[in-house]
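Residue numbers (the working numbering): 40 to 807.
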């Protein structure tokens, strides 16, 4: 681009962005506004990048361009304004000496340390522990830092004003946070590059041919970084694993799992140890255990479940219900500090992805001797509870037992019996039908008691994604929470509470599942917004009880705003975690809570099983107490971290498959409901749980302004509004499998259209 044209376009952009009516936009939005063809958008990016570098514009955290306060088109470059920067033979000196005093007349330097979060466009942000506001790092000041590096930042000396975020330049990389990268290999004639799947790692990795491991273009690979490069030189690495070609079934999900460093295979030592575990019990294994093999015990799980770790027994005697929750005794086979145990702690949890399960324990254990399979003798740890007609546990016993499951049931079949009165299912399980109705009765008692004390029930629809043999999504629908799933949930909750209370009162070292009180500022903001919609909420600045949130959820039930408000209330709360401290569970309104019921797939459950058994056997002496006091903090922190990792991977793979599903439905029209409203557009959720964005720039009939107080956008001229819960018909515009996002445009507004809801009369494959 010649100098004259550059100045002209820079002036034009400056005039647009300087308008009072201008709202910060992304480059793509500016291109649409200027009606630039795709072939000219590269030039727009060049001009924008230059204006950022010159200090004329700045980029918000969301990647939007806005005018910097007090700057004109002829402003000096940002690097020239930073103390300690100097020109050296035409090259900028990238590192400022830490601790050097300010020169005369210069403001005192201020530094910060934090984690660099990269952006696909090359700039980034530094998150400083304890600070609510992060630091913007322009691309020219990133140096050779990459995503997740711990860095030292020299803050800009200019005072913060007009709500503009702090800005700085990276002066030192303290620790590299990324060692290996998962990405797509691109082969050239004499070398190759790995383009990272994580767009926040914006630099391609140079791979010498001898380090490519024979990868070809399109292969998904794992590359280890051997040289982090410089500002002007790409990082260098070597391919250590080829996952497969991007077009092969399952490679996409595998790449995400590898990107989160999920272990896909068990070490040889672990497999060898698992192979030595016997597959069947012998009479000697039952010694000193309570024999419950004659009891009627059933498991209720999903159709495809293989790791069955909980069984249920139930009877009624007078006014007392005798509920037994029988949990697989995994600790009998996984000894403390063994190879199996160390690997289980490392993994922390089983991970359930759309096309596979990554188990915490080898399948020989998780699907074999530990699984409560029908008709087979199994060792268990049982919580036997006596419950009165108010749903209160009046007495209980925790015991080592041996059980034999009478019947392996599925949620579907139990639902057919209890909700649908299916005659065929009732005949097949005739002898168990009274038991299932008794289970429903007790479940309702327990749920009613929890509700009375204030327990919060966020009932969000989950997605079920069905894949074909090639790993392609063929159907997506809401996963149903029915009477059968509620029965199991209620029984597991009461067992977890009962076990936690016993060990908390006994002051024995333990691992608890805790949920702290919500963040006051976040909760206050949500409550104020709910109040703006005319829905009564607790007064601000008061300590909130879970019962108040429960009341709000009941008030908004069935309203158009229910989905958003429920999500916002959930986000205002803190994340549940594991800890040796018994501080209660806010969401359940429970004083005592732990995870006892899933030792096959959660390490904290396995850990407390060991503690329970040592206590039952009278071995919890001072030495053992000191032992557990020394390890439980590490167990809790590791388990909490691995749980969060699993949730992120599960969420990312679901987003990927939803984007892939909609990518074959470009041009299709569907009816949906507005599920979220922001300054950049409206989110629309389809009946199949897929959510996409209608960008505000695609609404060409008016200029729409975001009304934050009422979560709607309003047309300035027409006063047309789009708000929460409103029905709209959308057309699928784009589905990006790299960013895992879906774009809609409005088709028909606010009209119920059964044909569009089913995708009838449109391009092929439009049915949801």
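All residues carry an ideal CB built from backbone N, CA and C; glycine is no exception.
- For residue 774, the secondary structure class from DSSP, reduced to helix, strand or coil, is strand.
- In this structure, 494 is the residue among 494, 376 and 759 with its C-alpha nearest to the C-alpha of residue 587.
- Taking all protein chains shown into account, residue 363 has 16 or more neighbouring C-beta atoms within 10 Å of its C-beta and is therefore buried.
- Boundaries of the beta strand (DSSP E) around residue 439: 432-443.
- Non-local beta-carbon contacts of residue 726 in its own chain, meaning distances under 6 Å to residues more than five positions away in sequence, are absent.
- About 32 Å separates the Cβ atoms of residue 346 and residue 286, ruling out a contact at the 8 Å cut-off.
- Pairing residue 486 with residue 216, the inter-Cα distance amounts to about 45 Å.
- Note on geometry: alpha-carbon atoms of residue 270 and residue 64 lie some 28 Å from one another.
- Nearest to residue 572 by alpha-carbon distance, out of 255, 492, 657 and 748, is 748.
- Assigned with DSSP and collapsed to three states, residue 325 falls in helix.
- Judged by beta-carbon spacing, residue 383 lies within the 8 Å limit of residue 373, meaning their Cβ atoms are closer than that value.
- Closest option to residue 342, judged by alpha-carbon separation, among 447, 260, 272 and 250: 447.
- By the 16-neighbour rule on beta-carbons within 10 angstroms, residue 552 is buried.
- Between residue 438 and residue 334, the alpha-carbon positions lie close to 15 Å from each other.
- Residue environment analysis places residue 260 among the buried positions, since at least 16 neighbouring C-beta atoms fall within 10 angstroms of its C-beta.
- The alpha-carbon separation between residue 230 and residue 246 amounts to approximately 6 Å.
- Ranking 414, 548, 356 and 358 by CA distance to the CA of residue 663 puts 548 first.
- Contact check for residue 167 against residue 155 fails: the beta carbons are separated by 8 Å or more.
- One thing to note: residue 262 has its Cβ no nearer than 8 Å to the Cβ of residue 194.
- For residue 566, the enclosing alpha helix (DSSP H) stretches over residues 559-571.
- DSSP places residue 393 in the coil class of the three-state scheme, outside both helix and strand.
- Annotated as distal: residue 401 and residue 344, with beta-carbon spacing of 8 Å or more.
- The closest CA to that of residue 302, considering only 643, 396, 605 and 329, is found on 396.
- DSSP, read as helix, strand or coil, puts residue 379 in helix.
- Taking a cut-off of 8 Å on C-beta distances, the region 698-714 touches the region 752-768, as three or more cross pairs fall below it.
- The beta carbon of residue 386 lies closer than 7 Å to those of 302, 399 and 681 in the same chain, with the five residues before and after it left out.
- Judged by DSSP secondary structure, residue 211 falls within the beta strand (DSSP E) whose first and last residues are 207-214.
- In the three-state reduction of the DSSP assignment, residue 414 falls in the coil class.
- Distance from the Cα of residue 563 is smallest, within the candidate group 670, 523, 47 and 604, for 604.
- For the set 707, 693 and 752, the Cα lying nearest the Cα of residue 805 is the one of 707.
- If you ignore the 5 residues before and after residue 721, its C-beta comes within less than 6 Å of the C-beta of 713, 733 and 761, all in its own chain and listed in chain order.
- Taking residue 178 as reference, the option from 88, 192 and 232 with the minimal CA-CA separation is 88.
- Shown here, residue 669 sits in a helix according to DSSP, grouped into three states.
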